[in-house]
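According to full-length UniProt numbering, the stretch in the sequence shown is residues 1 to 80, in order.
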Amino acid sequence: MAYKVVVQIPKLLKQHSLSLRELSRLADVRHAALSELANGKRANINFSHIEKIADALSIRDIREIIDLVEVDEQRSGDEK
1 MAYKVVVQIP KLLKQHSLSL RELSRLADVR HAALSELANG KRANINFSHI
51 EKIADALSIR DIREIIDLVE VDEQRSGDEK
């Protein structure tokens, strides 16, 4: 089994009734960086971004922001 860390941006936006642009402004994180996190296009997660998001949304449990999900191993490059 393979796992991937996922940043729950879409879920947070819905829970807090925010747009990506509003979260970008509140957290002082570039809109493009948040968009990449939201769409799973970013291979590395900047922990300062996670801290800023947590601070902006008054989140004290990191599990509300990130999740560990199982991924299909064939999609991760193990195709024959």
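Even glycine gets a Cβ: it sits at the ideal position worked out from N, Cα and C.
CA-to-CA distance, residue j to residue i, given in whole angstroms
i, j, result
"Ile62", "Phe47", "11 Å"
"Ala2", "Val71", "6 Å"
"Glu51", "Arg21", "17 Å"
"Arg30", "Lys11", "19 Å"
DSSP state of residue i mapped onto helix, strand, coil
i, result
"Arg42", "coil"
"Asp67", "strand"
"Leu20", "helix"
Pair within 8 Å by beta-carbon distance, residue i and residue j
i, j, result
"Val69", "Lys4", "yes"
"Ile9", "Ala38", "yes"
"Ala54", "Ile65", "yes"
"Ala56", "Leu26", "yes"
Cβ-based burial, residue i [other Cβ within 10 Å; buried from 16]
i, result
"Ala43", "exposed"
"Ala32", "exposed"
"Ser24", "buried"
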